[in-house]
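Asks: Just passing along the structure, written as structure tokens.
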């Protein structure tokens, strides 16, 4: 990914397909979302005195 700028992060959507059985019926569902992980962060001003 050398063509991307230095500060650009590539996010590629993921798609998952699964099947749900309800009685005799089977439903196929596709889900598409970005792979993002929640995180905790604070500014450098807040970090003063944390060490």
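Numbering (my numbering), first residue to last: 7 to 57.
Using N, Cα and C, we set each Cβ at its ideal position, and we do this for glycine too.
Leaving aside the five residues before and after residue 13 along the sequence, list all residues of the same chain whose C-beta is less than 8 Å from its C-beta, in chain order.
Replies: none
Asks: Looking only at DSSP bridge pairs, what is residue 34 linked to?
Replies: 25
Asks: Could you have a look at residue 15 and say whether DSSP puts it in helix, strand or coil?
Replies: In this structure, residue 15 counts as coil in the three-state DSSP scheme.
Asks: Return the chain-ordered list of same chain residues with a C-beta closer than 7 Å to the C-beta of residue 39, the five sequence neighbours on each side being excluded.
Replies: 19, 20
Asks: Under a three-way DSSP split, which group does residue 10 fall into?
Replies: coil
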